[in-house]
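A.B. asks:
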Amino acid sequence: RVVGRSSFPDSIFLRGRERELMEVNRYTGSLYWNFIASLLPALYSTLSKLWVANIDSKLVVTTDVYTYIQTLAEVLNEGLPRTAWLIIGDNTIRSTASRLSLSYTPILFQIICGTIMTVILIGASDKFADSFLPVEVREKSLTYVRISAPVALPSAIQVAVSSCTRALDQPDVSLVISSIGFLLNIILDLLLISRFHVGGFKPTILMQAGIRLSCDFLSALSGLGYFFFLAHTMGKKVRNQDAEKIGPQFAALKILLRPAVYTFTETVVRNAFYLWLVAVIINMGKTYATAWRVFNTIRWGVVMVPVNTLQASALKFVGHRWSAWHARVGAETRNPVATWLDIKDISRPAVTSALLSLAVEIPMCIFLYIWGIKPFAFYLSASQEVAEITQKMWRYIDWTYIFYALSTQLSALLLATIPRFYLYQSLGSNFLWMLPWAIVMTTRRFGEERAWGFYAVVFGG
Numbered sequence: 100r101v102v103g104r105s106s107f108p109d110s111i112f113l114r115g116r117e118r119e120l121m122e123v124n125r126y127t128g129s130l131y132w133n134f135i136a137s138l139l140p141a142l143y144s145t146l147s148k149l150w151v152a153n154i155d156s157k158l159v160v161t162t163d164v165y166t167y168i169q170t171l172a173e174v175l176n177e178g179l180p181r182t183a184w185l186i187i188g189d190n191t192i193r194s195t196a197s198r199l200s201l202s203y204t205p206i207l208f209q210i211i212c213g214t215i216m217t218v219i220l221i222g223a224s225d226k227f228a229d230s231f232l233p234v235e236v237r238e239k240s241l242t243y244v245r246i247s248a249p250v251a252l253p254s255a256i257q258v259a260v261s262s263c264t265r266a267l268d269q270p271d272v273s274l275v276i277s278s279i280g281f282l283l284n285i286i287l288d289l290l291l292i293s294r295f296h297v298g299g300f301k302p303t304i305l306m307q308a309g310i311r312l313s314c315d316f317l318s319a320l321s322g323l324g325y326f327f328f329l330a331h332t333m334g335k336k337v338r339n340q341d342a343e344k345i346g347p348q349f350a351a352l353k354i355l356l357r358p359a360v361y362t363f364t365e366t367v368v369r370n371a372f373y374l375w376l377v378a379v380i381i382n383m384g385k386t387y388a389t390a391w392r393v394f395n396t397i398r399w400g401v402v403m404v405p406v407n408t409l410q411a412s413a414l415k416f417v418g419h420r421w422s423a424w425h426a427r428v429g430a431e432t433r434n435p436v437a438t439w440l441d442i443k444d445i446s447r448p449a450v451t452s453a454l455l456s457l458a459v460e461i462p463m464c465i466f467l468y469i470w471g472i473k474p475f476a477f478y479l480s481a482s483q484e485v486a487e488i489t490q491k492m493w494r495y496i497d498w499t500y501i502f503y504a505l506s507t508q509l510s511a512l513l514l515a516t517i518p519r520f521y522l523y524q525s526l527g528s529n530f531l532w533m534l535p536w537a538i539v540m541t542t543r544r545f546g547e548e549r550a551w552g553f554y555a556v557v558f559g560g
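Per our numbering, the very first residue in the sequence shown carries number 100; after that it's consecutive.
#1: Could you tell me whether the Cβ atoms of T182 and P358 are closer together than 9 Å?
#2: In terms of residues, what are the limits of the alpha helix (DSSP H) holding N407?
#3: What does the Cβ neighbour count give for G299, buried or exposed, with the cut at 16 atoms within 10 Å?
#4: Helix, strand or coil for W498, going by three-state DSSP, please let me know.
#5: Do you know whose CA, among R494, T541, I442 and L467, lies nearest V417's CA?
#6: Between the segment 260-275 and the segment 198-208, do three or more beta carbon pairs fall short of 8 Å?
#7: Might you give, ordered along the chain, the residues of its own chain that have their beta carbon closer than 7 Å to the beta carbon of W375, omitting 5 neighbours on each side?
#8: My understanding is that L522 touches T364, with C-beta atoms under 8 Å, so please give their C-beta distance in whole angstroms.
#9: Would you mind giving the Cβ-Cβ distance between Y325 and V272, rounded to the nearest angstrom? I have them listed as a contact below 8 Å.
#10: Among I354, V260, F553 and M492, which residue has its Cα nearest to the Cα of F533?
#11: Which of helix, strand or coil does DSSP assign to T332?
#12: Please state whether the Cβ-Cβ distance between I445 and L512 is less than 9 Å.
#13: Residues in the same chain with beta-carbon distance under 7 Å from L414, minus the five sequence neighbours each way, listed in chain order, please.
#14: So, I397 versus T489, is the Cβ gap smaller than 9 Å?
#15: Contact check, N133 vs A319 under 8 Å by CB: the rounded distance?
#16: Apart from the five residues on each side of it in sequence, which residues of its chain come closer than 8 Å, Cβ to Cβ, to V377?
#17: Taking the CB atoms as reference points, tell me whether D315 and S254 lie closer together than 9 Å.
#18: Report yes if the CB atom of S321 is closer than 9 Å to the CB atom of V275, and no otherwise.
#19: Is the beta carbon of K148 less than 9 Å from the beta carbon of V404?
#20: For a test of the three-state rule: what should DSSP assign to W184, helix, strand or coil?
#21: Indicate the three-state DSSP secondary structure (helix, strand or coil) for T362 in the structure shown.
#22: To the nearest whole angstrom, what separates the beta carbons of T366 and V174, a pair I think is in contact under 8 Å?
#23: With burial defined as no fewer than 16 other Cβ atoms inside 10 Å of the residue's Cβ, what is the status of V428: buried or exposed?
#24: Between V250 and R294, is the Cβ-Cβ spacing less than 9 Å?
#25: K226 to I279, Cα distance in whole Å?
#26: Could you tell me whether any Cβ in chain C is nearer than 9 Å to the Cβ of N153?
#27: Give me the Cα-Cα distance between L479 and Y387, rounded to the nearest whole angstrom.
#28: Rounded to a whole number of angstroms, what is the C-alpha to C-alpha distance between I256 and I501?
#29: From Q483 to W424, what does the alpha carbon distance come to, in whole angstroms?
#30: Going by C-alpha to C-alpha distance, which of C212, S247 and I211 sits closest to A228?
#31: Going by beta-carbon coordinates alone, are L355 and P205 separated by less than 9 Å?
#32: What is the DSSP secondary structure of L232, reduced to helix, strand or coil?
#33: Can you tell me whether DSSP reads A537 as helix, strand or coil?
#34: Give the straight-line distance between the Cα atoms of P140 and S277, rounded to the nearest whole angstrom.
#35: Helix, strand or coil: which one does DSSP assign to A266?
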């Protein structure tokens, strides 16, 4: 059966066979919507570094604060919302009313948690700056940290709405969130902080932080409003057939919390080790911290867009096929047994995404290694020294992202089916590999030339 057609009027742009391929219930259509939704934020993140480099190239590193706040917010954003693929994505056993209630619940939960985290980050802004900013720019950047701290709330809303609506087969909601945020940011940045800005004032990075935060809130609220509209429309169609109440429910929260325990624990451990290693890099000085920021901008703006796109599509279709298999063997069956054909069918979307990720990432890494990384880094930082260090980083670490892309796609098999196995594999890699190396990198002082070789081993392993 056709599951959940997008409400977006794609027929305006596509016809016949093309429109059929772009349907959200097809893998190709899902890739299309997810790619555009992932590309726009990454594109703006790259462009924003150009604005800041034009204002003051020495303060490019300060914009890293935004990324690290979002990394902390990931502890919330990758907990409950990541259960959407398994629970809300169950379009075989669960009714539409049940799936809608299960969508309202994590969104409300994330709004509450995002608000709490925002208050904590504002109160701890001094300590946050001490941990994640080089000493040379720490004092100048403190106000930037305070302005950026509330991003935890719109980030929580955006991730919750996007995860739930993708699991409901409505990926156009994520596209609306990304499009509004991208367009507003670009227009306001061009008008107020670019080289061609209006007025005779001098732009500052605080203006950039305020613009970005405002646009994040507006895009999050727009996505939330669009979700309410879609949920109301879908709810009206089933209300006469189903007496089940639609809305946030404590019973729905209990259903979501069971698998969320595993996803929440996994993201806490993983992000803790990541921020630990980042803090060590930042202590190498402002130039290296800036180079790491430029490196990450290229990574998230170029390398991670196809990785995230492919994973989102894999998660959706693995979750759907898992629920269909559960319905076939009986939802109440204890210890059900799958045949090899069942396993092949369930895993096909993840394997397809893994193969596609290799086809994209390998040529991309080769191109950047040989030609692209140094001029791109100079374009983003306006510093020859930073560009050279970024090139050195990339040539040490680039190969690790091929394996990262592959493991990210295959992890969808566990995340969308049995989250506790997803936790176990993550704990194994983090405690058996990342922890020993993090201790070594913290307690021993390596020369700058040797340090990146060790970081490549850490991330690659």
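Yeah, the Cβ is synthetic: ideal placement off N, Cα and C, and Gly gets one too.
C.D. replies: Taking the structure as given:
#1: With respect to P358, T182 sits close: the two C-beta atoms are nearer than 9 Å.
#2: Looking at the DSSP string, the run of the alpha helix (DSSP H) that includes N407 is M403 to V428.
#3: By the 10 Å Cβ count, G299 comes out exposed.
#4: In this structure, W498 counts as coil in the three-state DSSP scheme.
#5: If we check each option's Cα against that of V417, I442 comes out closest.
#6: Contact holds: three or more Cβ-Cβ distances are below 8 Å.
#7: In chain order, A537 place their CB closer than 7 Å to the CB of W375, counting only its own chain and leaving out the 5 sequence neighbours on each side.
#8: Confirmed, about 6 Å.
#9: The pair is a contact, with the Cβ atoms about 5 Å apart (cut-off 8 Å).
#10: It should be noted that the sequence gives Met, not Phe, for residue 533. Cα-wise, what sits closest to M533 is F553.
#11: Note: T332 maps to helix in three-state DSSP.
#12: Yes, Cβ-Cβ distance for I445 and L512 is below 9 Å.
#13: W184, A511, L514 and A515, listed in sequence order.
#14: Taking 9 Å as the Cβ cut-off, I397 and T489 qualify as a contacting pair.
#15: About 18 Å; that fails the 8 Å criterion.
#16: Non-local C-beta neighbours of V377 in its own chain, meaning closer than 8 Å and more than five positions away in sequence, comprise Y167, F231 and W391, ordered along the chain.
#17: Remark: C-beta atoms of D315 and S254 approach each other more closely than 9 Å.
#18: The answer is yes: Cβ separation under 9 Å.
#19: Cβ distance not < 9 Å, so K148 and V404 don't count as in contact.
#20: Coil.
#21: Residue state, collapsed to three classes: helix.
#22: About 5 Å separates the two Cβ atoms, so the contact holds.
#23: Exposed, because fewer than 16 other Cβ atoms sit within 10 Å of the Cβ of V428.
#24: The Cβ atoms of V250 and R294 do not sit closer than 9 Å to each other.
#25: Computed Cα separation, rounded: 33 Å.
#26: Within the model displayed, chain C is absent; a lone protein chain is all it includes.
#27: The alpha-carbon of L479 is positioned some 14 Å away from that of Y387.
#28: Taking the straight line from one Cα to the other gives about 30 Å.
#29: For Q483 and W424, the distance between alpha carbons rounds to 56 Å.
#30: It is S247 whose Cα lies nearest to the Cα of A228.
#31: A distance below 9 Å separates the beta carbons of L355 and P205.
#32: L232 falls in the coil class under three-state DSSP.
#33: Looking at A537 - three-state DSSP - the assignment turns out to be helix.
#34: Rounded to the nearest whole angstrom, the C-alpha separation of P140 and S277 is 6 Å.
#35: Note: A266 maps to helix in three-state DSSP.
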